Amino acid sequence: QVKNKAPAEVQITAEQLLREAKERELELLPPPPQQKITDVEELNDYKLRKRKTFEDNIRKNRTVISNWIKYAQWEESLKEIQRARSIYERALDVDYRNVTLWLKYAEMEMKNRQVNHARNIWDRAITTLPRVNQFWYKYTYMEEMLGNVAGSRQVFERWMEWQPEEQAWHSYINFELRYKEVDRARSIYERYILFRALAVLVLVHPDVKNWIKYARFEEKHSYFAHARKVYERAVEFFGEEHMDEHLYVAFAKFEENQKEFERVRVIYKYALDRIPKQDAQNLFKNYTIFEKKFGDRRGIEDIIVSKRRFQYEEEVKANPHNYDAWFDYLRLVESDTDAETVREVYERAIANVPPIQEKRHWKRYIYLWINYALYEELEAKASKRTRQVYQACLELLPHKKFTFAKMWLLYAQFEIRQKNLPLARRALGTSIGKCPKNKLFKGYIELELQLREFDRCRKLYEKFLEFAPENCTSWIKFAELETILGDIDRARAIYELAISQPRLDMPEVLWKSYIDFEIEQEEYEKTRSLYRRLLQRTQHVKVWISLAQFELSAGQEERLPRCRQVYEEANKAMRSCEEKEERVMLLESWRSFEDEFGTDATKERIDKLMPEKIKKRRKLQAEDGSDAGWEEYYDYIFPEDTANQPNLKLLAMAKLWKKQQQESEAAAMDPDKDIDESQT
1 QVKNKAPAEV
11 QITAEQLLRE
21 AKERELELLP
31 PPPQQKITDV
41 EELNDYKLRK
51 RKTFEDNIRK
61 NRTVISNWIK
71 YAQWEESLKE
81 IQRARSIYER
91 ALDVDYRNVT
101 LWLKYAEMEM
111 KNRQVNHARN
121 IWDRAITTLP
131 RVNQFWYKYT
141 YMEEMLGNVA
151 GSRQVFERWM
161 EWQPEEQAWH
171 SYINFELRYK
181 EVDRARSIYE
191 RYILFRALAV
201 LVLVHPDVKN
211 WIKYARFEEK
221 HSYFAHARKV
231 YERAVEFFGE
241 EHMDEHLYVA
251 FAKFEENQKE
261 FERVRVIYKY
271 ALDRIPKQDA
281 QNLFKNYTIF
291 EKKFGDRRGI
301 EDIIVSKRRF
311 QYEEEVKANP
321 HNYDAWFDYL
331 RLVESDTDAE
341 TVREVYERAI
351 ANVPPIQEKR
361 HWKRYIYLWI
371 NYALYEELEA
381 KASKRTRQVY
391 QACLELLPHK
401 KFTFAKMWLL
411 YAQFEIRQKN
421 LPLARRALGT
431 SIGKCPKNKL
441 FKGYIELELQ
451 LREFDRCRKL
461 YEKFLEFAPE
471 NCTSWIKFAE
481 LETILGDIDR
491 ARAIYELAIS
501 QPRLDMPEVL
511 WKSYIDFEIE
521 QEEYEKTRSL
531 YRRLLQRTQH
541 VKVWISLAQF
551 ELSAGQEERL
561 PRCRQVYEEA
571 NKAMRSCEEK
581 EERVMLLESW
591 RSFEDEFGTD
601 ATKERIDKLM
611 PEKIKKRRKL
621 QAEDGSDAGW
631 EEYYDYIFPE
641 DTANQPNLKL
651 LAMAKLWKKQ
661 QQESEAAAMD
671 PDKDIDESQT
């Protein structure tokens with residue numbers, strides 16, 4: 001027993017053991033001693049022992065063909081051909097499917113110039129194993145080397161009956177070409193392409209490249225008419241269901257070599273119109289190269305346009321609702337195509353209606369209709385079709401959910417260009433009745449204004465304001481219209497109605513417009529009244545400043561006292577305002593007024609009213625309530641507020657006392673400084 005089971009300090013691996021064994025040559029056996037045969041008896045004895053060894057090996061395992069081959073080759077080395085032949089025959093009885101066995105057997109006969117025996121073996125081999133091409137190749141090669149051309153041709157014919165692979169046919173063709181038998185090679189190509197049996201056409205190798213090789217064979221031997229006929233037969237044979245771009249590229253290059261450029265263009269265009277776009281990339285490339293070499297500028301542009309058209313076709317086929325791809329496709333088609341083709345593409349594009357009735361999905365789609373209508377009107381000059389396009393689009397839109405005002409307006413403008421005003425008005429009236437929108441009202445009113453139909457404009461404004469009473473812009477435009485027409489009372493009544501509305505989108509704009517209207521009419525009392533009514537609703541600083549500026553520009557004798565009174569009143573009203581910046585803005589405006597028009601006393605008074613700007617700190621809190629630190633900000637302290645608050649006055653006196661204390665302490669610490677200052 002091993003008591004110490006711990007690992008040894010020095011470990012030895014299997015690789016190390018093998019390496020040491022090789023270095024010390026432990027497994028090398030000494031070579032057997034050389035045996036010298038001096039007479040016939042020793043030779044016969046050696047042959048007997050060797051044959052016995054081979055026979056024993058064969059008896060142990062008959063299926064090991066290498067033993068048979070070694071045995072036969074040993075007999076062959078002793079020039080015992082009959083014995084070697086017998087061994088090969090015995091081996092073939094064991095495994096006649098072994099290719100190596102047949103090859104060694106035939107090579108032995110050929111090596112010993114036993115031609116008939118070799119022919120017999122090859123014949124047996126190709127009869128037994130006809131699908132082993134190596135037998136056929138070596139058999140035909142042997143016959144050709146012996147000069148037996150007819151025998152080699154006969155072997156090829158027997159081989160072709162088995163319909164072998166492509167290389168076998170080419171070997172047969174090359175064999176005939178080596179002996180200048182062009183007609184025989186052509187007939188082989190015919191059989192290679194199509195094989196006739198029992199009066200029925202049986203396809204052997206209906207591959208495009210085989211037809212191309214056949215045609216190039218004819219072209220190589222200067223049979224150009226035959227080559228063209230082969231290409232034409234290939235095109236007819238494959239038809240439109242199994243078209244291949246390689247066939248048409250080869251056909252076009254052949255015609256190009258024959259200087260038949262028109263034929264080349266016809267071939268390329270025929271193929272491009274029928275082959276799927278994703279399979280025609282090489283065709284496009286070769287067509288482009290051809291046009292660059294032999295075509296004019298128009299031809300080159302045509303091929304580029306055609307290529308882009310195919311790309312767009314693929315894009316819209318992959319995603320019919322990709323409207324950007326349709327726009328690019330239509331732009332390309334409109335540039336260089338007849339009207340019918342453009343209409344066909346437009347019809348295909350507008351047929352892809354968005355599946356969801358939400359306006360955001362229709363925003364790109366609607367421009368297909370707009371572009372279609374503009375094309376029919378401007379390019380095709382077909383007003384009737386343009387009207388049909390607009391009407392079809394308007395019928396398609398789900399007006400109960402949403403609409404596009406631009407479509408209604410474009411249709412109305414088109415009818416006006418066609419001098420058909422009743423239809424334009426009917427379209428806009430229908431739009432307002434079905435789906436009223438601000439843009440529709442504005443467009444309709446603008447149209448009637450251009451036609452100087454002011455009564456219609458008034459009716460439209462009334463309908464508009466019934467639909468959207470909160471729209472301040474509409475009220476202002478309506479009042480401006482009445483002002484232009486000279487009906488001031490109607491304009492004032494419109495403004496009064498407008499400011500009395502409970503809800504407005506831009507009330508400040510409306511009030512400003514009303515005030516500007518009264519100022520233009522020089523109704524200053526009414527303007528003041530308007531300002532006072534506005535100040536009852538809002539105490540905004542800009543309103544006070546605007547009122548003061550109005551009083552200043554009114555041009556009356558008491559304008560300065562009135563303006564100063566407004567500032568006084570505004571200052572009193574703004575004392576309770578929380579926004580100190582607005583109060584500062586008011587005082588700044590007041591000071592600029594006093595600087596220009598005031599006296600020294602008024603200037604001194606306004607200077608006393610100006611606030612003091614101080615820096616303060618305040619604590620910040622985050623959204624979750626935790627401390628977020630401190631921030632500095634500026635605050636304003638107004639003298640009027642300080643006088644009303646004793647605490648602030650006491651705080652100011654305390655600051656002054658602290659400052660005096662600091663100065664006295666500094667003087668006590670440095671008495672020489674006081675002496676120097678007193679002497680100076």
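Residue numbering for the sequence shown follows full-length UniProt numbering, beginning at 1 and increasing consecutively. Here a beta-carbon is modelled for each residue, glycine too, at the ideal position from N, C-alpha and C. Treat the numbers as computed from the prediction; the structure is a model and nothing was measured.
Considering only DSSP beta bridges, list what residue i is partnered with.
{"i": "TRP630", "result": "LYS619"}
One question on the structure: do residue i and residue j come within less than 8 Å of each other, judged by their Cβ atoms?
{"i": "ALA405", "j": "GLY443", "result": "yes"}
{"i": "VAL230", "j": "GLU218", "result": "yes"}
{"i": "ILE173", "j": "ILE188", "result": "yes"}
{"i": "ILE356", "j": "MET407", "result": "no"}
{"i": "ALA215", "j": "PHE254", "result": "yes"}
{"i": "ILE350", "j": "LEU330", "result": "no"}
{"i": "TRP162", "j": "PRO130", "result": "yes"}
{"i": "CYS472", "j": "ASP516", "result": "no"}
{"i": "TYR524", "j": "TYR495", "result": "no"}
{"i": "LEU332", "j": "TYR312", "result": "yes"}
{"i": "TRP630", "j": "LYS619", "result": "yes"}
{"i": "ALA118", "j": "MET142", "result": "yes"}
{"i": "GLU245", "j": "ASP279", "result": "yes"}
{"i": "residue 682", "j": "LEU510", "result": "Coverage of the chain is limited to positions 1 through 680, which leaves residue 682 absent and any answer about it impossible."}
{"i": "TYR268", "j": "LEU283", "result": "yes"}
{"i": "ILE445", "j": "TYR461", "result": "yes"}
Which residues bound the alpha helix (DSSP H) around residue i?
{"i": "residue 689", "result": "Residue 689 lies beyond the residue range present for the chain, which begins at 1 and ends at 680; the question has no answer from this structure."}
{"i": "LYS215", "result": "First, the residue type needs correcting, since residue 215 is Ala and not Lys in the sequence shown. Start and end: 208-220."}
{"i": "ASN282", "result": "281-294"}
{"i": "VAL115", "result": "115-128"}
{"i": "ASP56", "result": "40-60"}
{"i": "GLN413", "result": "405-417"}
{"i": "ILE275", "result": "Neither: ILE275 is in no alpha helix (DSSP H) and is coded neither H nor E."}
{"i": "MET506", "result": "First-last for MET506: undefined, no H or E at that position."}
{"i": "ARG492", "result": "488-499"}
{"i": "HIS246", "result": "245-257"}
{"i": "residue 729", "result": "Given that the chain is displayed from residue 1 to residue 680, the structure contains no residue 729 and the question cannot be resolved."}
{"i": "ASP328", "result": "323-335"}
{"i": "ARG605", "result": "600-609"}
{"i": "HIS399", "result": "First-last for HIS399: undefined, no H or E at that position."}
{"i": "GLY151", "result": "149-160"}
{"i": "MET574", "result": "Unbroken run through MET574: none, as it is neither H nor E."}
{"i": "LEU552", "result": "541-553"}
{"i": "ILE445", "result": "438-450"}
{"i": "LYS477", "result": "472-484"}
{"i": "ASN174", "result": "166-178"}
{"i": "LYS111", "result": "99-111"}
{"i": "ASP93", "result": "81-94"}
{"i": "LYS22", "result": "14-24"}
{"i": "residue 695", "result": "The requested residue 695 does not occur in the structure, where the chain is confined to residues 1 to 680."}
{"i": "HIS226", "result": "224-238"}
{"i": "GLN134", "result": "133-145"}
Quick check: is any heavy atom of the ligand ATP less than 7 Å from the C-beta of residue i?
{"i": "ALA84", "result": "Among the components of this structure there are no ligands whatsoever, and the ligand ATP is therefore not found."}
Rounded to whole angstroms, how far is the Cβ of residue i from the Cβ of residue j, which I believe are closer than 8 Å?
{"i": "ALA548", "j": "CYS563", "result": "5 Å"}
{"i": "VAL389", "j": "GLU376", "result": "6 Å"}
{"i": "ALA185", "j": "LEU177", "result": "5 Å"}
{"i": "ILE112", "j": "ILE69", "result": "One detail in the question is off: residue 112 reads as Asn in this sequence, not Ile. Wrong, their Cβ atoms sit about 16 Å apart, outside the cutoff."}
{"i": "TYR96", "j": "THR128", "result": "6 Å"}
{"i": "VAL99", "j": "VAL132", "result": "6 Å"}
{"i": "ILE432", "j": "LEU440", "result": "6 Å"}
{"i": "ALA412", "j": "ALA427", "result": "5 Å"}
Q | Runs of alpha helix (DSSP H) lying entirely within the stretch 337-392, each at least 4 residues, in chain order | A | Listed in chain order, the alpha helix (DSSP H) runs fully inside the stretch 337-392 are 339-350, 359-362, 366-374, counting runs of at least 4 residues.
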